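One structure is given here, and the rest of the page talks about it.
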Amino acid sequence: MRWLFELLSSSIGKKLLMALTGLFLFSFLVVHLYGNLFLFVSEEAFNEHAHSFASNVIIRTIEALLFLAIVAHAFTGLYLARQNRLARPVRYRRHRAAGTRTLASRSMLITGSVVFIFLVIHLRGFFYETRFGSVYGGESLYVLVTETFAIPGYAALYVVAMILLAVHLAHGVQSAFRSLGIESARYTPAIRAVGLFLAVALPAAFASMPIYFVLQSGGVI
Amino acid sequence: MAIELRSGVPDGAMAEKWSRHQFELKLVNPANKRRYSVIVVGSGLAGASAAASLAELGYGVSCFCIHDSPRRAHSIAAQGGINAAKNYPNDGDSVHRLFYDTVKGGDYRAREANVHRLAEISNSIIDQCVAQGVPFAREYSGLLDNRSFGGAQVSRTFYARGQTGQQLLLGAYGALSRQVGLGNVALHTRHEMLELVLIDGAARGIVTRNLATGAIDAHVADAVVLATGGYGNVYFLSTNAKQSNVTATWRAHRNGALFANPCFVQIHPTCIPVSGSHQSKLTLMSESLRNDGRVWVPRDQGDSRPPAEIPDAERNYYLEERYPSFGNLVPRDVASRAAKAVCDDGFGVGATGQAVFLDFRDAQARMGRPAVEQKYGNLFQMYEQITGENGYQTPMRIFPAVHYTMGGLWVDYNLQSTVPGLFVIGEANFSDHGANRLGASALMQGLADGYFVLPYTIGGYLAEATLPPADGSHAACGDAVRTATGRLERLLAVGGSTPVDDLHRELGQVMWDHAGMSRNATHLGAAKDAVRVLRERFWREVGVPGAQAGINQPLERAGRLADFLEFGELLIDDALHRNESCGSHFREEHQTDDNEALRNDDEYAYVAAWEYRGEDTAAALHREPLEFIEVKPSVRSYK
Amino acid sequence: MAAASSANLDLTLDVWRQASPDERGGFQRYEMAGMSPDMSFLELLDQLNDRLEREGKEPIAFDHDCREGICGSCGFLINGHAHGPQSGITSCQLHLRSFRSGDHLVVEPWRSSSLPVIKDLVVDRSAFDRIIQAGGFISANTGSAPDANALPVSRTKAELAMDAAACIGCGACVATCKNASAMLFTAAKASQLALLPQGQPERHQRAVRMVEAMDDAGFGNCTNERECEGNCPKQISFSHIARLNRDYIAGKLRAVT
Chain A
0 MRWLFELLSS
10 SIGKKLLMAL
20 TGLFLFSFLV
30 VHLYGNLFLF
40 VSEEAFNEHA
50 HSFASNVIIR
60 TIEALLFLAI
70 VAHAFTGLYL
80 ARQNRLARPV
90 RYRRHRAAGT
100 RTLASRSMLI
110 TGSVVFIFLV
120 IHLRGFFYET
130 RFGSVYGGES
140 LYVLVTETFA
150 IPGYAALYVV
160 AMILLAVHLA
170 HGVQSAFRSL
180 GIESARYTPA
190 IRAVGLFLAV
200 ALPAAFASMP
210 IYFVLQSGGV
220 I
Chain B
0 MAIELRSGVP
10 DGAMAEKWSR
20 HQFELKLVNP
30 ANKRRYSVIV
40 VGSGLAGASA
50 AASLAELGYG
60 VSCFCIHDSP
70 RRAHSIAAQG
80 GINAAKNYPN
90 DGDSVHRLFY
100 DTVKGGDYRA
110 REANVHRLAE
120 ISNSIIDQCV
130 AQGVPFAREY
140 SGLLDNRSFG
150 GAQVSRTFYA
160 RGQTGQQLLL
170 GAYGALSRQV
180 GLGNVALHTR
190 HEMLELVLID
200 GAARGIVTRN
210 LATGAIDAHV
220 ADAVVLATGG
230 YGNVYFLSTN
240 AKQSNVTATW
250 RAHRNGALFA
260 NPCFVQIHPT
270 CIPVSGSHQS
280 KLTLMSESLR
290 NDGRVWVPRD
300 QGDSRPPAEI
310 PDAERNYYLE
320 ERYPSFGNLV
330 PRDVASRAAK
340 AVCDDGFGVG
350 ATGQAVFLDF
360 RDAQARMGRP
370 AVEQKYGNLF
380 QMYEQITGEN
390 GYQTPMRIFP
400 AVHYTMGGLW
410 VDYNLQSTVP
420 GLFVIGEANF
430 SDHGANRLGA
440 SALMQGLADG
450 YFVLPYTIGG
460 YLAEATLPPA
470 DGSHAACGDA
480 VRTATGRLER
490 LLAVGGSTPV
500 DDLHRELGQV
510 MWDHAGMSRN
520 ATHLGAAKDA
530 VRVLRERFWR
540 EVGVPGAQAG
550 INQPLERAGR
560 LADFLEFGEL
570 LIDDALHRNE
580 SCGSHFREEH
590 QTDDNEALRN
600 DDEYAYVAAW
610 EYRGEDTAAA
620 LHREPLEFIE
630 VKPSVRSYK
Chain C
0 MAAASSANLD
10 LTLDVWRQAS
20 PDERGGFQRY
30 EMAGMSPDMS
40 FLELLDQLND
50 RLEREGKEPI
60 AFDHDCREGI
70 CGSCGFLING
80 HAHGPQSGIT
90 SCQLHLRSFR
100 SGDHLVVEPW
110 RSSSLPVIKD
120 LVVDRSAFDR
130 IIQAGGFISA
140 NTGSAPDANA
150 LPVSRTKAEL
160 AMDAAACIGC
170 GACVATCKNA
180 SAMLFTAAKA
190 SQLALLPQGQ
200 PERHQRAVRM
210 VEAMDDAGFG
220 NCTNERECEG
230 NCPKQISFSH
240 IARLNRDYIA
250 GKLRAVT
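Those protein sequence lines, which keep their order, are chains A, B and C. Those letters in the first sequence? Residues 0 to 220, by numbering that gives the first Met the number 0. Those letters in the second sequence? Residues 0 to 638, by numbering that gives the first Met the number 0. Those letters in the third sequence? Residues 0 to 256, by numbering that gives the first Met the number 0.
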């Protein structure tokens, strides 16, 4: 196992870890979104789906992996950021960007951190209640979610977090493929395009829900 | 000191001399090789290839270079290519033809046996470089591509775009780096050799200055190899890198190594002209441009029309007129002299009048601009980068510039100088190019010496030499360190206010005007006096700020200029004594009625090897007669 | 002659001066009046140094040698751009006609903990040598090579390898990367050899060893922002980095070291 440790502690290995955990978390978003779409179907459908998820052994295992992935992604990201800072102890007086350095790529640490904080709030609000709290005690998850979503402040936080997530993914997805060494003149443009589309589309779909319920409770729709 | 120049060329038929010699050389027992140590100074093609090959054989090698990395040696700037007698194009090339062309191209002033060996080895060099991963140009078949270069009648030049020197050097650098990584080579970057250490008459070490810290140290070994390049920067402006210098070879010369043929300096015809007094160096454009470009000047002096508006009838395509069969492809020395002649006569173009046109108008009409771009695009880009002019729309301006030096420390067939244990390889020695080097032959020689000649011959020396054990505490090291330190202190103590480069520019101007492309006794005599005066002024006026410790670039340059100022006089002496015109050396007193070079084989078919006899004493001339058995001297004619 | 000579330039330079590795450095301002637009940037520094030397002051130390963009010695940040504002050239190939009279130029050395400043604009790039020494070669001893044409190399591959091999080891990639990563330098050499059939036997081992040496030197980590490519004087493609990633990961998975 020494080789695995060596691999993961090298510069490329850490990037590999970022890429794999990042893509894993990204793929989870799709599954998560699928479940959330039941919000638009009915209370029963949503609750049933949530329940079937919570009682599935495979899902529970993946869930544990997700927690691990979040922790690994966050810590490795922080560690890389620190290493990168140490690699240039004296800053330039004037340094202009070249290449494809973007707002997204520059702000990975910030967007990642905010999304992480949001995630903690999000997990406390829904995941904790489902597994250990009120929902576990018998209340409807649908009610909890829709009522929380209907709070304008929460909805605003949710939307902001989703925007930052989109920014994070805009660089993250294509970067992950590069870190995995997947790059070719033929496929890279397609990977970039699909990655960018999903990076925006997924958070947008998530954000549509609190917006919907805020508007609904406000009687707009 | 009685010096007998023994070339040590083995007996036997020309084609068998080298293999016979390889057999006759004593071998060092493999188990003993690690007990021998070799110092290699320089890390260009010759130095890096030698250091790597010697380390592979098991010798303990120390390699020194003045750069921050061995990869920056000036071999890296060679553009055109490397010759080899592979005959892949099936156009009639052979070892003998490469040998023949090189001896003839050198205007019969090279040692035949050395040149033959070079031609024999040429093929192995290409094999070795390909195995190292040098990305030579290839055909669609995946096989190697060749081109014709420098007017050769066969296509024998291997190339990697316009960066052949870079790619070959990086190959050798890779081999060297591998040996450094394996612990077989101790690499000393940013180290400049300032003295040679002799123990019992044999070269046993060097004194260096660490250019980053200023530390002066002695290093001892069983043999010393100089691969320190040429002395073209005695002219200040040249295509050489700014740091190229004569110090290592000059210090060796002062310690007993004879300096051969210093007056043989190659002037390259297709360089970008000087643009002003700020000019710090000159840039070469590949002479492949002459394959399709036409060289001309206006027929009227001071014709100020834009060149495109000057009709053909009023253009003087002087190379095509004078040399109908070779035209724009005459050898470098001929093309260079012709350019100087038209400029001296007042037909030069551009702001300085020191340039001629190289015109691609007709080539574009014939081949189409895309084809010209395909072939020469990078050169046009380079030209525009430097001059701000578009060479497709207006003719490029070119002028000759000092490029390569055929002269160097005298070496025998084993590449050993007159100092036992001191070997000299690459451009630093004098051996293979005679009075003029052919295009794409310098890379070949550097790598031949380093990969395939020196590793054999140095073994022969070490197997037979009796070398007392010595280390840095030896008295000779102390003396050499004191000499080197004393000199640096002297330079710092002058306390003048003239920057080093100002004096270097002055030296360069004297050398270029009087000992450049075209020479005569009067001018050479005046130059000799001027160099002496300049040398005295240098030691009175030069200002070297800073201290010995740490990086001190003016101090580095001052030390090198001090040696150039001594060396320059030797170059002039050599040019004065050689009363003939041959190759790059053109003496105006010795020309035919139609202004072509007039060689004098009866009196000057020899290598002029000069012995140092003190700063104020004239150097003593020793002659190594040259015999031409295989290639009978003839008059070079490109008419 | 067309655009060759226009009016002379007056420039203000803020140059980083640092006496030795251990001393603190700072910017020093110099006014340069009447400079020719045909001058290269290094010739501008020559002019400044000439003036300083006449005044008995220490000139600005900077590495330089070939002055034609191939040796890789020179290089500094000029107004925030490695090798200056033009793409595809080194500092020595930058001419003053790229600037306007009155411009204020900030000249800084490469900044990276792995390429420390020795003096003024001179940095220590020996970390690059160590990366090559670790594996940036094909282990072919002198004399052991087969005939050069015994092994055909696809022209496309040879051209790609040449693109990567054009690296001059100047350090602009590290200097310009916001993380001071040396991935482009390392990848260019590893990729050149990985593209050629001669380089296959050591391909994965080479990638692993070079990356280890790179990490040991303390360079930052690549975040796939391609700044290295954007400022590379030889315009070496970022795609070589993906190849190195691949070879390194494969090397580790196959346990080739």
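Note that CB positions come from ideal geometry on N, CA and C, so glycine has one too. Note that the structure is a prediction, hence the values are computed from the model and not measured.
Check your understanding: If you count every other CB in all the chains shown that lies within 10 Å of the CB of serine 279/B, and 16 or more means buried, which is it?
Key -> By the neighbour-count rule (16 or more Cβ atoms within 10 Å), serine 279/B is buried.
Review point. Comparing the C-beta of asparagine 148/C with each C-beta of chain B, is any distance below 7 Å?
Key: For asparagine 148/C, at least one C-beta of chain B is nearer than 7 Å to its own C-beta.
Check your understanding: So what's proline 641/B in DSSP terms, helix, strand or just coil?
Key -> The structure shown does not extend to residue 641/B, since chain B is modelled only from 0 through 638, so no value can be given for it.
Point to revise | Whole-number beta carbon distance between histidine 82/C and serine 90/C, since they are thought to touch under 8 Å | key: Indeed they touch by this definition, with Cβ atoms about 5 Å apart.
Practice item. Can you give me the start and stop residues for the alpha helix (DSSP H) that histidine 203/C sits inside? Key: Element bounds for histidine 203/C: 202-215.
Review point. Whose Cβ in chain B lies nearer than 7 Å to the Cβ of histidine 63/C?
Key: Going along chain B in sequence order, the residues near histidine 63/C (Cβ under 7 Å) are Lys241.
Review point. According to the neighbour-count rule (16 or more other Cβ atoms, all chains shown, within 10 Å of its Cβ), is histidine 187/B buried or exposed?
Key: Residue environment analysis places histidine 187/B among the buried positions, since at least 16 neighbouring C-beta atoms fall within 10 angstroms of its C-beta.
**Study point:** 4-residue-minimum alpha helix (DSSP H) runs that sit fully inside the segment 154-205 of chain B, ordered along the chain
**Key:** Qualifying alpha helix (DSSP H) stretches, in chain order: 163-180.
**Study point:** Cβ-based burial, phenylalanine 131/A [other Cβ within 10 Å; buried from 16]
**Key:** By the neighbour-count definition (other C-beta atoms within 10 Å, threshold 16), phenylalanine 131/A is an exposed residue.
Review point. Of all the CB atoms in chain C, is at least one closer than 7 Å to the CB of leucine 79/A?
Key: Chain C, which has a Cβ nearer than 7 Å to the Cβ of leucine 79/A, makes this yes.
Check your understanding: With a cut-off of 7 Å, does the C-beta of serine 601/B fall near any C-beta of chain C?
Key -> Strictly speaking, residue 601/B in this sequence is aspartate, with serine absent from that position. With 7 Å as the cut-off, aspartate 601/B does not count as an interface residue toward chain C.
Review point. Near glycine 217/C, which residues of its chain fall below 6 Å by C-beta distance, leaving aside the five closest residues on each side in sequence?
Key: Contacts found: Ser112 and Ser113.
Practice item. Return helix, strand or coil for asparagine 594/B, following the three-state DSSP convention. Key: Here asparagine 594/B carries a coil assignment [DSSP, helix/strand/coil].
Review point. For aspartate 119/C, does the three-state DSSP call read helix, strand or coil?
Key: Looking at aspartate 119/C - three-state DSSP - the assignment turns out to be coil, as it is neither helix nor strand.
Practice item. Report the partner residues of glutamate 623/B according to the DSSP bridge assignment. Key: Val606/B, per the DSSP bridge assignment.
Check your understanding: Would you report the Cα separation of alanine 49/A and glutamate 224/C, rounded to the nearest angstrom?
Key -> Those two C-alpha atoms are separated by around 39 Å.
**Study point:** Of the listed residues Asn35/A, Tyr141/A, Leu197/A and Phe74/A, nearest to asparagine 46/A (C-alpha basis)
**Key:** Nearest option by C-alpha distance: Tyr141/A.
Check your understanding: With 7 Å set as the bound, which would you pick, yes or no: does the beta-carbon of aspartate 49/C sit closer than that to a beta-carbon of chain B?
Key -> So yes, aspartate 49/C belongs to the interface.
Practice item. Kindly list, in the order they appear in chain A, the residues whose Cβ is closer than 7 Å to that of tyrosine 247/C. Key: What tyrosine 247/C touches in chain A: Ile11.
Review point. What in chain C is Cβ-close to asparagine 83/A, meaning under 8 Å?
Key: Neighbours of asparagine 83/A on chain C, chain order: Lys177, Asn178, Ala179, Ser180, Gly219, Asn220 and Thr222.
Check your understanding: Would you say glycine 170/C and glycine 74/C are within 7 Å of each other, going by their C-beta atoms?
Key -> A contact, by the Cβ cut-off of 7 Å.
Review point. Helix, strand or coil: how does DSSP classify glutamate 614/B here?
Key: Residue state, collapsed to three classes: coil.
Check your understanding: Alpha carbon to alpha carbon, how far is lysine 638/B from leucine 44/B?
Key -> So the alpha carbons of these two residues sit roughly 36 Å apart.
Check your understanding: In the DSSP assignment, what residue or residues form a beta bridge with alanine 259/B?
Key -> The beta-bridge partner set that DSSP reports for alanine 259/B consists of Gly407/B and Ala608/B.
**Study point:** Collapsed DSSP secondary structure at valine 129/B in the structure displayed
**Key:** DSSP places valine 129/B in the helix class (H, G or I) of the three-state scheme.
Point to revise | DSSP beta-bridge partners of arginine 649/B | key: Lying outside 0 to 638, the shown extent of chain B, residue 649/B is not represented and no answer is given.
Review point. Would you say alanine 254/C faces chain E, with C-beta separation under 7 Å as the test?
Key: The question asks about chain E, but that chain is absent: this structure's protein chains are A, B and C.
Point to revise | Spatial distance of leucine 16/A from glutamate 43/A (CA atoms) | key: Approximately 39 Å, taken between the alpha carbons.
Check your understanding: From proline 454/B to glycine 57/B, what distance separates their C-alpha atoms?
Key -> A straight-line Cα-Cα distance of about 11 Å links proline 454/B and glycine 57/B.
Check your understanding: Can glycine 12/A and leucine 19/A be called in contact, C-beta distance under 7 Å?
Key -> Cβ atoms of glycine 12/A and leucine 19/A: not closer than 7 Å.
Practice item. Could you say if the segment 59-73 of chain B and the segment 261-278 of chain B meet the contact criterion of at least three C-beta pairs nearer than 8 Å? Key: Flag = no, the segment 59-73 of chain B and the segment 261-278 of chain B do not touch.
Review point. Mind checking whether proline 261/B and leucine 506/B have CB atoms under 7 Å apart?
Key: The answer is no: Cβ separation not under 7 Å.
**Study point:** Test: phenylalanine 136/C CB closer than 7 Å to a CB of chain B
**Key:** Yes, phenylalanine 136/C counts as interfacial toward chain B.
Point to revise | Whole-angstrom C-beta distance between phenylalanine 359/B and glycine 292/B, which should lie under 8 Å | key: Contact flag correct, Cβ pair sits at about 5 Å.
Exercise for review: Could you tell me whether any Cβ in chain C is nearer than 7 Å to the Cβ of valine 213/A?
Suggested key: Not an interface residue.
Check your understanding: Would you call the CB atoms of alanine 97/A and glutamate 52/C closer than 7 Å?
Key -> Annotated as distal: alanine 97/A and glutamate 52/C, with beta-carbon spacing of 7 Å or more.
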